[in-house]
Amino acid sequence: MARQKSIFSCQQCGFQSPKWMGRCPDCQQWNTLVEEQPIATSGHSRALPQPGKPQKLAEVNSSEEDRLSCGIAELNRTLGGGVVPGSLILIGGDPGIGKSTLLLQAFSELAKKGTALYVTAEESTRQVKLRADRLGIKTDQLYLLAETSLEQIRQRIKELNPDFLVIDSIQTIFTSSLDSAPGSVSQVRECTGQLMIQAKGEGLPTFLVGHVTKDGAIAGPRVLEHMVDTVLYFEGDPGHPYRILRAVKNRFGSTNEIGVFEMQEQGLREVSNPSELFLAERPTQSAGSAVVASLEGSRPLLVELQALVSSSSFGTPQRTAIGIDHKRISLLIAILEKKIELSLSGQDIFLNVAGGVRLDEPAIDLAAIAALASSHLNRIINPQLVLFGEIGLTGEVRAISQPELRIKEAARLGFTQCVLPKGNMKNIEAPETIRLSGIKHASEALDIIFD
Ligand code: TYD
Ligand code: MG
786 MARQKSIFSC QQCGFQSPKW MGRCPDCQQW NTLVEEQPIA TSGHSRALPQ
836 PGKPQKLAEV NSSEEDRLSC GIAELNRTLG GGVVPGSLIL IGGDPGIGKS
886 TLLLQAFSEL AKKGTALYVT AEESTRQVKL RADRLGIKTD QLYLLAETSL
936 EQIRQRIKEL NPDFLVIDSI QTIFTSSLDS APGSVSQVRE CTGQLMIQAK
986 GEGLPTFLVG HVTKDGAIAG PRVLEHMVDT VLYFEGDPGH PYRILRAVKN
1036 RFGSTNEIGV FEMQEQGLRE VSNPSELFLA ERPTQSAGSA VVASLEGSRP
1086 LLVELQALVS SSSFGTPQRT AIGIDHKRIS LLIAILEKKI ELSLSGQDIF
1136 LNVAGGVRLD EPAIDLAAIA ALASSHLNRI INPQLVLFGE IGLTGEVRAI
1186 SQPELRIKEA ARLGFTQCVL PKGNMKNIEA PETIRLSGIK HASEALDIIF
1236 D
C-alpha cells in the first residue's frame, strides 16, 4: 500500500506544498509551513445532501422576508437586515473584544424565535452561564454545549435540531478525520467545510467565532473567508469602551456597513447616534482638533481628528498615526510642506482619531491637514466647522462620494460651516443652517478655517 504523503501548509495563508520550505512563497512569511495529513477523501462525501437540479432563475424562491431579526439593530444592519437562513457568518476580532458577549446577547433574542444552540468550545457552560447572568439573560430556549469534537457537535445538532447555531470558536474545535491539532489550517478548513455543508443543507444559520492574528487577519487560512457568506470584524481599542462591527464581506448585503456598540457593565449597548458620542468630549478651544464628516457604509459619522506637532529633540522626528493609515499621513505631511509651505521637518507629529475609531476613506485628508496645520500654527479651528475632501499629490482637493449625507449629519449636530471640495458643490441641496465653502486647492482651506 502506498504510504500516505503528508503535505505542508502555511498557517498564515493556507498555501500548500509537498515539501517543507522556510518561507511561504505565497504570503512571504517565514517559518509558517507545518506538516499535516491530507484530508481523507474517501469515507465521506463532500457533496451537498440534496443533489442540485437546474432551475429557472425566475422560479428560484428568494423572498426577502426570510431574514430573521436578532433583536440587536446594529447587528442586523451589519448583516444587511438580519440573519438569512442557511448562512454561514464568521465573526472575527481580537481576544477579549466582546465576540462571545455579542453572540450571547444576539442568541438570547434569537432564542425567542426558535431553538438556539451555543457551542462553547473555549469556556465551560458555567462560565457562559455566569456571563449570561451578568447580562440579565433569561430564556429557556437557549441551549449551551461545551464540546470540541465536531463529530459530537454534529450528533447533538441532529438530536436537538436547533434553528440557530454558534460555534465559539472555530479554532478550538476539531474533526477526528484529521490528525493535526485544533487551530491548524487543515482542521479549521475541514471543520468550516463540514459546517458549511450542514448550514446550506439544513438551512441552519451558523455563526462562527474566529480569532485574529497579530497583524489583523483571521487566524488560520484566508480560504476561510472565501468559504463563508459573511465576514464581520469586531474591532475597537481595548482602552476605549466603543466597539465597531464591520462587514468586510457579505453575500447578502452591502459591505462597509458598520454597527457601533459601547461595552458596559451589563454587556454591549447599541449606539444609534455615534457622531454625538464621538464628539462628546471634544475640546472646542484647543489647537490641533478638527472634525471630519466621514462615511461608513451608508451612515455618516462625524469624528474628531487630533494632531500634535512639536519640535523634536531627536535627530529623526517621530511620525505616529493612530486610526489612520500611516502612509497616508506621510503623504499629507509632504503635501503640507511642499504645497502649503509649512515647514514640518524636525517636528514630531502625532495624529489620532478620537474614540478609537479607524478611518480608511480618503475623504478625511482635508481634516487631517487642517488638524496638523492648526497644531503647528497654534491656531484654533472654528469649533462649528466640519471638513471633508480628498487631497491629490499636487494639493488639489478632489470630490468625494455622498456629500449631502455628510452635510446633513453635520447640520443636524449643530455645525454651521462646512469646507468641502468645489467639485462636490454642483447640484447640492444642503440645509440652510450650514454655510458651504467649496475649495479647489488645499492651501485655500487654511484661510477659511482659522477665524
Ligand atoms: P468576550 O465576549 O469574552 O470577548 P471575546 O469572546 O471576543 O474574547 O468579552 C470579554 C471582555 O468584555 C472582558 O474584557 C470583559 C468585558 N465585558 C464587560 O465589560 N461587560 C460585560 O458585561 C461582559 C460580559 C464583558
Ligand atoms: Mg470568547
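Note that this note's numbering gives residue 853 to position 68 of the sequence shown, counting from 1, and the numbers run on in steps of one. Ideal Cβ placement from N, Cα and C applies to all residues, glycine included.
When DSSP labels each residue in this structure, what does Ser827 get in the three-state scheme? The predicted model places Ser827 with a pLDDT of 49, which falls under 50 and marks its position as unreliable, so this point remains unresolved.
Whole-angstrom C-beta distance between Pro947 and Phe959, which should lie under 8 Å: In fact, because the Cβ distance is near 21 Å, the residues do not count as touching under 8 Å.
How many angstroms separate the CA atom of Arg939 from the CA atom of Gly867? 25 Å
For Arg1036, I'd like the list of residues in its chain whose CB is within less than 8 Å of its CB, leaving aside the five on either flank, ordered along the chain. Ser872, Asp1014, Thr1015
Inter-stretch contact (C-beta, 8 Å, three-pair minimum) for the region 924-938 and the region 903-913: yes
Taking the DSSP output, what are the residues bridged to Gln840? The partner list for Gln840 (beta bridge, DSSP) is empty, contrary to what the question assumes.
Given this structure, state the Cα-to-Cα distance separating Ser827 from Leu860, to the nearest angstrom. Reliability of the predicted coordinates at Ser827 is poor, the pLDDT of 49 falling under 50, and the value obtained from them is presented with this limitation in mind. In this structure, the straight-line span from the alpha carbon of Ser827 to that of Leu860 is close to 40 Å.
Could you spell out where the beta strand (DSSP E) holding Glu821 opens and where it closes? Element bounds for Glu821: 818-821.
Is the closest heavy atom of ligand 1 to the C-beta of Lys884 under 8 Å? yes
What are the start and end residues of each continuous alpha helix (DSSP H) run of 4 or more residues lying completely inside the region 870-913, in chain order? 884-895
Tell me whether the beta-carbon of Ala1230 lies closer than 9 Å to the beta-carbon of Ala1215. Going by C-beta atoms, Ala1230 is not nearer than 9 Å to Ala1215.
So, are the CB atoms of Pro1206 and Lys1225 less than 9 Å apart? yes
Starting from Leu1221, trace the beta strand (DSSP E) in both directions and tell me its first and last residue. In the DSSP annotation of this structure, the continuous segment of the beta strand (DSSP E) that includes Leu1221 starts and ends at 1220-1224.
Whole-angstrom Cβ separation of Leu1017 and Ile1134, contact assumed at under 8 Å? Your pair Leu1017 and Ile1134 does not check out as a contact, with CB atoms roughly 33 Å apart and the cut at 8 Å.
Out of Gln972, Phe1019, Lys897, Ala1148, state which residue places its alpha-carbon closest to the alpha-carbon of Asp879. Phe1019
If I follow the unbroken alpha helix (DSSP H) through Phe737, where does it start and stop? Residue 737 lies beyond the range of the chain shown here (786 to 1236); nothing can be said about it.
Three-way DSSP call (helix, strand, coil) for Pro1188 in this model: helix
To the nearest angstrom, how far is it from the Cα of Gly1174 to the Cα of Leu895? Put simply, the backbone Cα of Gly1174 is about 42 Å away from that of Leu895.
Cutoff 9 Å: Ala1184 Cβ touching any chain C Cβ: Protein chains in the displayed structure number just one, and chain C is not present.
Residues that Asn1209 bridges to, as DSSP identifies them: Answer is none; Asn1209 lacks a bridge partner.
At what residues does the beta strand (DSSP E) containing His1111 begin and finish? Segment 1111-1124 is the alpha helix (DSSP H) holding His1111; no beta strand (DSSP E) there.
Where the beta strand (DSSP E) containing Gln972 begins and where it ends: Segment 970-987 is the alpha helix (DSSP H) holding Gln972; no beta strand (DSSP E) there.
Backbone CA spacing between Gln822 and Gly877 [nearest angstrom]: Roughly 27 Å between the two C-alpha positions.
Based on Cα-Cα distance, which residue from Gly1140, Ile1107, Lys1112, Gln1070 lies nearest to Ser1159? Of Gly1140, Ile1107, Lys1112, Gln1070, the residue nearest in Cα terms is Gln1070.
Under the three-state reduction of DSSP, which class applies to Ser1228: helix, strand or coil? helix
Which residue's Cα is closest to the Cα of Asp1110: His1011, Ala1153, Lys790, Leu1030? Ala1153
If you check the beta carbons only, do Leu1221 and Cys1203 fall under 9 Å apart? Yes, the pair counts as a contact, with Cβ atoms nearer than the cut-off.
So, at 6 Å on beta carbons, what are the nonlocal neighbours of Thr991 in its own chain, with the 5 sequence-adjacent residues on each side left out? Leu873, Leu950, Leu980, Ala984
Tell me whether Ala931 sits in a helix, a strand or coil according to DSSP, three-state version. coil
With DSSP as the reference, label Arg852 as helix, strand or coil. coil
Is there at least one non-hydrogen atom of ligand 1 closer than 8 Å to the beta-carbon of Gly1052? yes
Applying the criterion that 16 or more other CB atoms from any shown protein chain within 10 Å of the CB defines a buried residue, is Thr886 buried or exposed? buried
Does DSSP classify Met1012 as helix, strand or coil? helix
Nearest-angstrom Cα separation, counted from Val1033 out to Glu837: Note that residue 837 is Gly in the sequence shown here, rather than Glu. C-alpha separation (whole angstroms): 29 Å.
Where Val845 falls, given that 16 or more other Cβ within 10 Å makes a residue buried: exposed
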